Amino acid sequence: MDNPELNNKSGTEQYLDPFDGYASCPDTRRAYLSHSKENQAYWMLKSEETVRDYLARLDSFANFRDAYAFLADKRHQIAVDLKQRTDEGRTDYYGNFRQEGDHLRQSVSFGDGEQFWRWQKKRIFELTYKLVTPVRNIQLPDAKPGYIFEDDYLTCLKEKVFVDEKEATYYCITVKFPAGICPADLIHSDSLSQIELYDFTDNEKFNLIRIEYTPVDNRTINGNYSVVDLYYHALLDWKPEDGIVSFLAHSAKLSFLTAHFLFVKQGNSGIIEWMVRAIAFKHGIYLGKFNYSENISWDFKAILTPNLDDYVVWYTTKLFSRYLYLNKLNNTEKFSFIMRE
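Structure follows, in C-alpha cells:
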C-alpha cells in the first residue's frame, strides 16, 4: 500500500489522498485540518482490515443480522480509536444498536455552518423541494386544514406554522414501505422515514429539513431484519451469469432499506459499504470510487427517493465511478480499495 504523498504545485503543498473517493461522504475537513488527513488514512486502512476480517468469517454468519452485528462492533472500535463524535458529542453512538423508543433525527439547515453537510446540502434541499412539488403551489386557504397529498410512494402533509414568530410552510413527508419486495406474511414496518421541511419562503436562510428515521418497534424489528436478509442472501448467491447490474440492484435494495431502518444510532453507512464491497470482492467484482459529482451520499439519496425503482436505477448507474468483473481472483489476493485502479 502506497503512503499518501505530498506534491508541490505552484509553491503550495497539496495532499494527494490515494483513498479519495472511497468513502461515500467525503471528509471535507481535510482541506484545513492536518489531523483529519491522518484520520482519513487511518479510517481507510482500518476499513480494509475490517473487510478482510469479515470475508474470512463470512461463512460463519447465518444471516444479515449476524453479519451486521459483527461489523457494527468493528465500527464502534474504530470510532473509539479515532475519537469520533456525533453532533451531540457521543462516541458511544457509533455501532450502538437503537432500541424501541429511540427516536433518531437529523437536521440540515439552509444557512451557513454545519461543515459536515456542506458538500451535499444543496442537493439535499433540491431533492426535498422536488418531493413537495405536487403540493407546493396549492394555496392552503383553498384546501382543508392539514392538507394531505398521497401517491404510491409517500404522503405529504402541508400546513402553515410559526417558528420564533416567523411564518413558515410546513411539509411532513412520510415514505411508504415499498410494495411487493417481500412475502406478504412478513410483519414489518408499515412506513419508513419522515422528512420535515420548514419553508420560510422570503427568508430562505432559515429553511430547515429534519429527518426522522423509521422508529424501532419490537413488533416489527424481526420482520425488518428478515426483509433485508432477502437481499443479503441475494448478494451472497449472485452468479456471474446474472450480470453485475443484478448484483448492484440487490445491493441498492439492501442499502435503501438499511438507510431507512438505521439499525445503529451512527455508522450505518460505513457498515453497509464494508459489507457490499466485501461481498462484491468475494464474487470477483471490483467496485471503484464513489461518484462525488452526484453531490449526495447513497444513504441520503435513499431517504429522499421514495420510489425504490428510481433509487435502484440511480444506484446502478450513478453511484460508482466505475465497476468491473475481475473473473477469478487469486486465492491469496487480499481486498484493497485501490486495487487495479
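Under numbering that gives the first Met the number 0, think of the first position of the sequence shown as 0, with each following residue one higher. Beta carbons: idealized from backbone N, C-alpha and C, even for Gly. Predicted, not measured: the structure shown is a model, and the values here were computed from it.
query: CB Lys159 to CB Glu166, shorter than 9 Å?
result: yes
field: As assigned by DSSP and simplified to three states, the class of Leu191
entry: strand
- request: Determine the direct distance from the alpha carbon of Ser268 to that of Lys288, and round the result to whole angstroms.
  value: 15 Å
Collapsed DSSP secondary structure at Leu156 in the structure displayed: strand
query: So, do the stretch 219-234 and the stretch 177-188 have three or more beta carbon pairs nearer to each other than 8 Å?
result: yes
- prompt: Between which two residues does the alpha helix (DSSP H) harbouring Ala167 extend?
  reply: Note, Ala167: premise wrong, no alpha helix (DSSP H); beta strand (DSSP E) at Lys165 to Lys175.
task: Using only alpha-carbon positions, find the residue among Tyr67, Leu57, Arg74 and Trp237 that is nearest to Leu44.
output: Minimum Cα distance to Leu44 is reached at Arg74.
field: Proximal residues to Leu286 (C-beta, below 6 Å), its chain only, five neighbours per side dropped
entry: Once the five neighbours on either side are set aside, the close Cβ partners of Leu286 are Arg276, Ala279, Phe319 and Tyr322.
- prompt: So, are the CB atoms of Arg64 and Phe334 less than 9 Å apart?
  reply: Cβ distance not < 9 Å, so Arg64 and Phe334 don't count as in contact.
- prompt: Between which two residues does the alpha helix (DSSP H) harbouring Val107 extend?
  reply: Premise fails: Val107 lies in the beta strand (DSSP E), Arg104 to Ser108, not in any alpha helix (DSSP H).
field: Distance, Leu153 Cα to Lys252 Cα
entry: 17 Å
query: To which residues does DSSP link Tyr146 through a beta bridge?
result: Beta-bridge pairing by DSSP links Tyr146 to Lys157.
Option in Tyr231, Gln76, Val244 and Asp298 with minimal Cα separation from Thr90: Gln76
message: Can you look up Val263 in the DSSP assignment and give me helix, strand or coil?
response: strand
- request: Tell me whether His232 is buried or exposed, calling it buried when 16 or more other Cβ atoms sit within 10 Å of its Cβ.
  value: exposed
query: So, Gly222 versus Ile186, is the Cβ gap smaller than 9 Å?
result: yes
query: Buried or exposed: Ala61, going by 16 or more other Cβ atoms within 10 Å of its Cβ?
result: exposed
- request: Whole angstroms is fine: what's the gap from Asp80's alpha carbon to Phe205's?
  value: 36 Å
- request: Measure from the alpha carbon of Thr173 to the alpha carbon of each residue in Asp189, Pro239, Lys238 and Asp163, then state which is nearest.
  value: Checked all of Asp189, Pro239, Lys238 and Asp163; the closest Cα to Thr173 is Asp189.
- prompt: What is the DSSP secondary structure of Tyr21, counted as helix, strand or coil?
  reply: coil
message: With a threshold of 7 Å on Cβ separation, who are the neighbours of Phe336 within its own chain once the five nearest residues in sequence on each side are excluded?
response: Closer than 7 Å at Cβ, skipping near neighbours: Phe18, Tyr21, Met43 and Glu47.
- prompt: What is the rounded straight-line gap between the Cα of Val134 and the Cα of Gln39?
  reply: Looking at the two C-alpha atoms, the distance is approximately 42 Å.
- request: Report, in whole angstroms, the separation of the C-beta atoms of Leu192 and His259, which I expect to be a contact under 8 Å.
  value: The sequence given here has Ser at residue 192, not Leu. The beta carbons of Ser192 and His259 sit about 5 Å from each other, so the pair counts as a contact at 8 Å.
- prompt: Secondary structure at Leu196, three-state DSSP: helix, strand or coil?
  reply: strand
- request: Could you tell me whether the Cβ atoms of Val215 and Gln119 are closer together than 9 Å?
  value: In this structure, the beta-carbon distance from Val215 to Gln119 does not fall below 9 Å.
query: From Arg209 to Gly266, what distance separates their C-alpha atoms?
result: 19 Å
- request: Pull up the distance between the alpha-carbon of Lys317 and that of Ile243, whole angstroms please.
  value: 14 Å
- request: Check whether the Cβ atoms of Leu126 and Leu256 lie closer than 9 Å to each other.
  value: no
field: Where Lys82 falls, given that 16 or more other Cβ within 10 Å makes a residue buried
entry: Counting every other CB atom within 10 Å of its CB across the protein chains shown gives Lys82 a total below 16, marking it as exposed.
- prompt: Distance, Cα to Cα, Asp198 vs Gly94?
  reply: 33 Å
- request: Output the boundary residues of the alpha helix (DSSP H) element that contains Tyr408.
  value: As displayed, the chain neither begins before 0 nor continues past 340, which places residue 408 out of reach and without an answer.
message: Quick check: the Cα distance between Arg297 and Tyr314, rounded to an integer number of angstroms?
response: Note that residue 297 is Trp in the sequence shown, not Arg. Taking the CA atoms as reference points, Trp297 sits about 8 Å from Tyr314.
message: Could you check whether Leu261 and Thr219 sit closer than 9 Å to each other, using their CB atoms as the reference points?
response: no
Same chain only: Cβ atoms within 7 Å of Arg122, ignoring 5 sequence neighbours per side: Asn294 and Ile295, listed in sequence order.
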